[in-house]
Amino acid sequence: MKRALLIGSFNKARSLAVSLIKKGYAVTAINNNYRDCLILAEIDSLNVINGDGSIPFVLEEANATEADIAVALTQRDDDNLLICELCKKKFRVKKTVALVNDPKKTEFFYKMGIDSVVCAVNAITNIIEQQAFLDGIAALIPIGEARVSIAEVPITESAPVAGKRLKEINLPKEVIIGCILRGEKSMIPRGDTRILAGDMLVLISSDKQEMAAIKELTGRI
Amino acid sequence: MKLISNKKKENYTVIIGSGRLGSGLANALSDDGANVMIIDSDKNSFRKLSPSFGGLTLLGDATDIDVLHEAQAEKATAIVAVTDNDNTNIMIAQMVKELFKKERVIIRLYDPELECVYGEHGIDTICPAVLSAKEINRLLISGNKEKK
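Right, here's the structure in full:
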């Protein structure tokens, strides 16, 4: 069984813990707020430790040496950096993940040996931007540090591509239609596949080309 | 800024954290005629600087790379991080080591146990608890000797 260690943040730790436990992880959460700990302790089979996760003996108590993955979720960048470095260097945790607030520090965190750096501000502003400006897309999932994104694009009757074959559409180079969801069926399209109104297209795009592609497909942004 | 680089290029110290230690050090360095820049995120902290302080002050969060650039950290001969937060000091030290390639980085740490984190980076640390223990021990031993 894989072991995960979550340090800091009440809300993020709570939902992450529930989801990881469902996936079969043994999860330990460290939180320095006693009240938050009590609520966290209500989650079944979650180990909770009350303490400051940037102090070595607290991590030791949480059995950090046994952990396969450590996730630092505190509010402060310096705490997250230190927690991950402690986990990596003192407790030999295989994979460390840090949340970072300041996007300018992402690269620096990677340089310090953290395996995965998640910039919350970037992720959230991206989502808000999508929600606010893109009615055409049902969902847009960034992967590979947001260099690549997967989007679900519904095709309405008014869409310029409805009824057209794939090869007739002028998509940007960095974009492919990976899959077409039509009713209950899903199919991997070829050049002569026809797009129909009511289809849901799964779009894979890199290099920030998704906007241009969506505009091409739906005729609007 | 220009005045500084014209006057004495070889000696420019950036101090981060204007507490008792930081401001005291800044005052002493300034009295010796050295170029000093002191950074703190609270402008009231600069009150601790003596009226004769001849260095520069910068209001800002030194964990922000832009603030370090503004302080011309890349020109500094030494960087001293003495905020009241160990984790902040360690991060600043690692940032100036890694991003500004500084040789001389000194930090104050309350908890000596964190050494494994910064040890390999070649950061000089001052730990008040360890120093105090040594000094008290020395006083005790010399006291004992006097009794004999």
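Just so you know, the protein sequences line up as chains A and B, in that order. FYI, the numbering for the first sequence is 242 to 462, going by the numbering used here. FYI, the numbering for the second sequence is 105 to 252, going by the numbering used here. By construction, the Cβ of each residue, glycine as well, lies at the ideal position given by its N, Cα and C atoms. Quantities reported herein were computed from a predicted structural model and do not represent experimental measurements.
1. I'd like to know whether the C-beta of B/L162 is nearer than 8 Å to at least one C-beta of chain A.
2. For chain B, is any of its Cβ atoms less than 8 Å away from the one on A/L323?
3. Counting only the same chain and skipping the five closest in sequence on each side, list residues whose C-beta sits under 6 Å from that of B/S149.
4. Please say whether B/I211 and B/I227 have beta carbons closer to each other than 8 Å?
5. Can you name, in chain order, every residue of its own chain whose Cβ lies under 6 Å from the Cβ of B/V118, other than the five neighbours on each side?
6. Under 8 Å, with one C-beta from each stretch per pair, do the region 442–460 of chain A and the region 390–398 of chain A reach the 3-pair mark?
7. Just to confirm my understanding: we take A/K345, look at its own chain, exclude 5 residues before and 5 after, and list those with CB closer than 6 Å. What are they?
8. Expressed to the nearest angstrom, what Euclidean distance is found between the alpha-carbon atoms of A/K330 and A/L322?
9. Please state the DSSP three-state secondary structure of A/K426.
10. Are the region 352–359 of chain A and the region 336–344 of chain A touching, with three or more C-beta to C-beta distances below 8 Å?
11. Drop a sphere of 10 angstroms on the beta-carbon of B/I240, count the other beta-carbons inside from all chains shown, and report buried for 16 or more, exposed for fewer.
12. What do you reckon, are the CB atoms on B/A166 and B/I194 nearer than 8 Å?
13. Whole angstroms are fine: how far does the CA of A/E425 sit from the CA of A/Q316?
14. Among all the DSSP beta bridges, which residues are the ones paired with A/K336?
15. Using 8 Å as the limit for Cβ to Cβ distance, is B/I194 near chain A?
16. Taking C-beta to C-beta, are A/F332 and A/L300 nearer than 8 Å?
17. Is B/A130 buried or exposed, if buried means 16 or more other CB atoms sit within 10 Å of its CB?
18. By alpha-carbon positions, which one of A/Y275, A/L281, A/P297 ends up nearest to A/V259?
19. May I ask which residues mark the beginning and end of the alpha helix (DSSP H) holding A/N252?
20. To the nearest angstrom, how far is the alpha carbon of B/K201 from that of B/V209?
21. If you follow the beta strand (DSSP E) that A/I391 is part of, which residue opens it and which one closes it?
22. Tell me, please, whether the CB atom of B/D228 is closer than 8 Å to any CB atom in chain A?
23. Would you say B/I119 reaches chain A, if we count a Cβ-Cβ gap shorter than 8 Å as a contact?
24. Using CA coordinates, which residue listed in A/I368, A/Q450, A/C325, A/A454 is at the minimum distance from A/I248?
25. Going by other Cβ atoms of all chains shown within 10 Å of its Cβ, with 16 needed for buried, is B/S127 buried or exposed?
26. Taking its Cβ as the centre, do 16 or more other Cβ atoms sit within 10 Å of A/R244, making it buried, or is it exposed?
27. Beta-carbon separation of A/V334 and A/I310 under 8 Å?
The structure says:
1. no
2. yes
3. S122
4. yes
5. M141, A175, A177, A180, I183
6. yes
7. none
8. 12 Å
9. strand
10. yes
11. exposed
12. no
13. 43 Å
14. A/I310
15. yes
16. yes
17. buried
18. A/L281
19. 251–263
20. 7 Å
21. 389–395
22. no
23. no
24. A/C325
25. buried
26. buried
27. yes
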